[in-house]
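So in the UniProt record's numbering, the last spot in the sequence shown is 553, and the numbers never skip.
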Amino acid sequence: MSLKDFPEECWELIFRFLGNQLESLSLVCKQFLSITNQLQFSLTLYDSTIPLLPSLFLRFPRLKILDLSNLSGNHEGLLPQISKSGLDLDLLNLSNQRTLGVDGLRELGSKMKKLRALICSNIGSLHDSHLVVIAYCFPFLEELDISFPLNSQASDFGVLRLSLMLENLRRINVSGNHLITDKSLFSLCQNCMSLEELSFFTCFKITQLGIASAISLRPSLSSISFNIEKKRIHGPGLTPIPIDLHLIDSFRNMERLTAIDLSNSFISDEFLFSVAEAGGVMLKKIILQDCCNCTVAGISYVLSKCQSVQCLDLRKLDFLTDQCITKLSVFLFSLTCINLSGCRQLTNSTFFTLTKNCPLLSEIKMERTYLGVQGEEGSMQDCVVNLEVKRVYLCDNILLSDVDVIEFASICPSLQLLDLNACEGVSGECVVEVLKRCEIRHLNMAYTGISVFEIDFEVSQLEVLNLSGSRIEDETLSMISRRCSGLLLLDMQGCWHVTAKGAREIVENCKALKELNLRNCELVSDDFHAWVQTSRPSLRTIITPSGVTDAYY
Numbered sequence: 001m002s003l004k005d006f007p008e009e010c011w012e013l014i015f016r017f018l019g020n021q022l023e024s025l026s027l028v029c030k031q032f033l034s035i036t037n038q039l040q041f042s043l044t045l046y047d048s049t050i051p052l053l054p055s056l057f058l059r060f061p062r063l064k065i066l067d068l069s070n071l072s073g074n075h076e077g078l079l080p081q082i083s084k085s086g087l088d089l090d091l092l093n094l095s096n097q098r099t100l101g102v103d104g105l106r107e108l109g110s111k112m113k114k115l116r117a118l119i120c121s122n123i124g125s126l127h128d129s130h131l132v133v134i135a136y137c138f139p140f141l142e143e144l145d146i147s148f149p150l151n152s153q154a155s156d157f158g159v160l161r162l163s164l165m166l167e168n169l170r171r172i173n174v175s176g177n178h179l180i181t182d183k184s185l186f187s188l189c190q191n192c193m194s195l196e197e198l199s200f201f202t203c204f205k206i207t208q209l210g211i212a213s214a215i216s217l218r219p220s221l222s223s224i225s226f227n228i229e230k231k232r233i234h235g236p237g238l239t240p241i242p243i244d245l246h247l248i249d250s251f252r253n254m255e256r257l258t259a260i261d262l263s264n265s266f267i268s269d270e271f272l273f274s275v276a277e278a279g280g281v282m283l284k285k286i287i288l289q290d291c292c293n294c295t296v297a298g299i300s301y302v303l304s305k306c307q308s309v310q311c312l313d314l315r316k317l318d319f320l321t322d323q324c325i326t327k328l329s330v331f332l333f334s335l336t337c338i339n340l341s342g343c344r345q346l347t348n349s350t351f352f353t354l355t356k357n358c359p360l361l362s363e364i365k366m367e368r369t370y371l372g373v374q375g376e377e378g379s380m381q382d383c384v385v386n387l388e389v390k391r392v393y394l395c396d397n398i399l400l401s402d403v404d405v406i407e408f409a410s411i412c413p414s415l416q417l418l419d420l421n422a423c424e425g426v427s428g429e430c431v432v433e434v435l436k437r438c439e440i441r442h443l444n445m446a447y448t449g450i451s452v453f454e455i456d457f458e459v460s461q462l463e464v465l466n467l468s469g470s471r472i473e474d475e476t477l478s479m480i481s482r483r484c485s486g487l488l489l490l491d492m493q494g495c496w497h498v499t500a501k502g503a504r505e506i507v508e509n510c511k512a513l514k515e516l517n518l519r520n521c522e523l524v525s526d527d528f529h530a531w532v533q534t535s536r537p538s539l540r541t542i543i544t545p546s547g548v549t550d551a552y553y
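Structure, rendered in structure tokens:
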């Protein structure tokens, strides 16, 4: 059997198995290009791609996900154009748009009634009329996000219409709609029989008693996200609102709680005790970012009862110390990601404790902490190698030194992402040492002050490199272009010493490059931009020195 006679269905199965190699395969021959086009299921649009939409829709006939969230300006005619595309979308993201045209939604709904997910976060203006149209035009929606509109006029009436029409709704986010009250929660929990996930941050007309009543109607919720207002005007000063006993009791009845987000809330240990009783072994995700009035005792109790927690977010809990983390870590056997950013008392000891006591941990975020100080709880000598840690975010740790970073890399040799943004104490020699020890794929050195680093070995696995705000010059870029041939994204925003010569070497030598950011690179001329357009058609996105984003397909 010749290559031409091999069935396309078989090629599709092979290409699906190869995953992110589709771009390279599409260059082999016209037949492979046609097959890879059939396997493109997601498309993100930019302003520069709008004129290309008809041809893009013809090229990728199996698109299921369309993301418009990166568009700027007014694109009122875009929804009718999408409705005429013949696509059968599963998810449409309309976030960040100035307006949400009612007529456009109607036309889209007439052609795409089976749409499962609609994301409309950060819309310029949201009214009840939008919610009514969404309810009638997309009756099979399972996920709806109408969070944080800039001008919210949506009320209980609109949410009621949604709840009555969207029988299949499983997830909804109404955060930031300040006019809705307890009635909205009640209608959603009463009418949406499939509802599993509910988010309503900064909806301060919703009361604790209303939340308790909603939970009593739908105790089978698996995920709930909200915040209890920290303070309210009371007499001459500000006083916290106490936790309602009905709310505490309602959580004890939640049968399937797997995730809870209480960011920026006034809570109590007693409230956390009720969460623990509800979650048990099913609770996988806990977010307590910037919460107040709770203590280590409350958090410890939750984790002792819910030892299946995989994701834990304790950002900005200033009372946490290395000793606290040591105490909590004995319950974190199942933990895969933790965020301790903004916990300013935590030192290197916490990093060592986590890598030693959490065998499944793959992601650590310790931005804006006290890293760079050794601490007393644990040391490098007590550590064991952790092969699971893949992603480490250390942004804004100004005390961090080369020695610290190299120690972290030595106990996490499987590290693939390292974020050193604004870590001014880290040098180029440290970065080179980390690249030797680990298979780094994503490296962020933005605003570190690094100007020179010498790599005398191949770093072909490096795919994303952020050098924004650094002092690098063309000579360093030339070295990067020779040693980092696998780069997919290079961010050089604000690199004032880079010229078109260095940028040209990157484009010429890094054949896999897809995105290049040259915003505020004042020594790179407009002629370079024109050269890129003609010489590298495979470069998908380029942000010019003036900040204009061009995307090519």
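Ideal placement from N, C-alpha and C gives every residue a C-beta, glycine not left out. As the structure is a prediction and not an experimental result, all values here were calculated from the model.
Using DSSP bridges, identify the partner residues of residue i.
i       : result
Tyr-393 : Lys-365 and Asp-419
Glu-515 : Leu-489 and Thr-541
Arg-171 : Glu-143 and Glu-197
Ile-224 : Leu-198 and Ile-260
Ser-152 : Leu-126
Ile-65  : Ser-42 and Leu-91
Phe-204 : Its beta-bridge partners do not exist; DSSP assigns none.
Phe-266 : Cys-292
Thr-499 : DSSP output for Thr-499 lists no bridge partner at all.
Thr-549 : Ile-543
Residue range of the alpha helix (DSSP H) that residue i falls in?
i       : result
Glu-463 : Note, Glu-463: premise wrong, no alpha helix (DSSP H); not H, not E.
Ile-215 : 208 to 217
Thr-355 : 348 to 357
Val-476 : Going by the sequence as given, residue 476 is Thr instead of Val. Segment 474 to 483, the alpha helix (DSSP H) holding Thr-476.
Asn-253 : Neither: Asn-253 is in no alpha helix (DSSP H) and is coded neither H nor E.
Thr-534 : 526 to 535
Ser-184 : 182 to 191
Phe-331 : Note, Phe-331: premise wrong, no alpha helix (DSSP H); not H, not E.
Arg-59  : 53 to 59
Pro-80  : 78 to 83
Quick one: Cα of residue i to Cα of residue j, how far?
i           : j       : result
Phe-157     : Thr-258 : 30 Å
Cys-137     : Leu-66  : 18 Å
Thr-336     : Val-275 : 21 Å
Leu-87      : Leu-45  : 15 Å
Val-403     : Ser-223 : 41 Å
Arg-62      : Leu-488 : 25 Å
His-91      : Asp-318 : As written in the sequence, residue 91 is Leu, which differs from the His given in the question. Their Cα atoms are separated by approximately 39 Å.
Leu-22      : Phe-41  : Note on Leu-22: pLDDT 48, under 50, position unreliable in the model; the coordinate value appears next. If I take the Cα positions, the gap works out to 12 Å.
Glu-142     : Leu-53  : 27 Å
Ile-472     : Val-532 : 21 Å
Asn-517     : Arg-161 : 44 Å
Gln-153     : Leu-115 : 25 Å
Asp-313     : His-246 : 26 Å
Ser-163     : Ile-134 : 11 Å
Ile-455     : Arg-106 : 57 Å
Cys-510     : Glu-197 : 43 Å
His-442     : Leu-462 : 6 Å
Asn-70      : Asp-47  : 8 Å
Thr-526     : Phe-140 : Here residue 526 turns out to be Asp, not Thr, going by the sequence shown. Taking the straight line from one Cα to the other gives about 48 Å.
Cys-343     : Ile-180 : 34 Å
Leu-150     : Thr-99  : 10 Å
Ala-446     : Asn-520 : 14 Å
Val-373     : Leu-346 : 9 Å
Lys-64      : Leu-43  : 8 Å
Arg-540     : Glu-515 : 6 Å
residue 559 : Ser-225 : There is simply no residue 559 to check, as the chain begins at 1 and stops at 553 in what is shown.
residue 558 : Phe-352 : No answer is possible for residue 558: the residues shown for the chain start at 1 and end at 553.
With respect to the beta strand (DSSP E) encompassing residue i, which residues constitute its N-terminal and C-terminal limits?
i           : result
Leu-490     : 489 to 491
residue 554 : Within the shown structure, residues of the chain are numbered from 1 to 553, placing residue 554 beyond reach of any answer.
Under a CB-based cut-off of 8 Å, is residue i close to chain D?
i       : result
Thr-355 : The chain labelled as chain D is not found in the depicted structure, where only one protein chain is given.
Inset, instruction - Evaluate contact between the segment 399 to 406 and the segment 416 to 432, counting only Cβ atoms and requiring at least three cross-stretch pairs below 8 Å. - result: yes
Legend entry - Sequence ranges, alpha helix (DSSP H) only - wholly within the segment 93 to 150, length at least 4: 102 to 111 and 128 to 137
Legend entry - Start-end ranges of the beta strand (DSSP E) lying completely within the segment 395 to 454, minimum 3 residues: 417 to 419 and 442 to 444
Inset, instruction - Ignoring anything shorter than 3 residues or poking outside the segment 271 to 323, list the beta strand (DSSP E) runs there in chain order. - result: 285 to 287 and 311 to 313
Inset, instruction - Evaluate the contact criterion for the segment 381 to 388 versus the segment 324 to 335: three or more CB pairs, one atom per stretch, below 8 Å. - result: no
Inset, instruction - Report yes or no: do the segment 248 to 258 and the segment 287 to 300 share at least 3 C-beta pairs separated by less than 8 Å? - result: no
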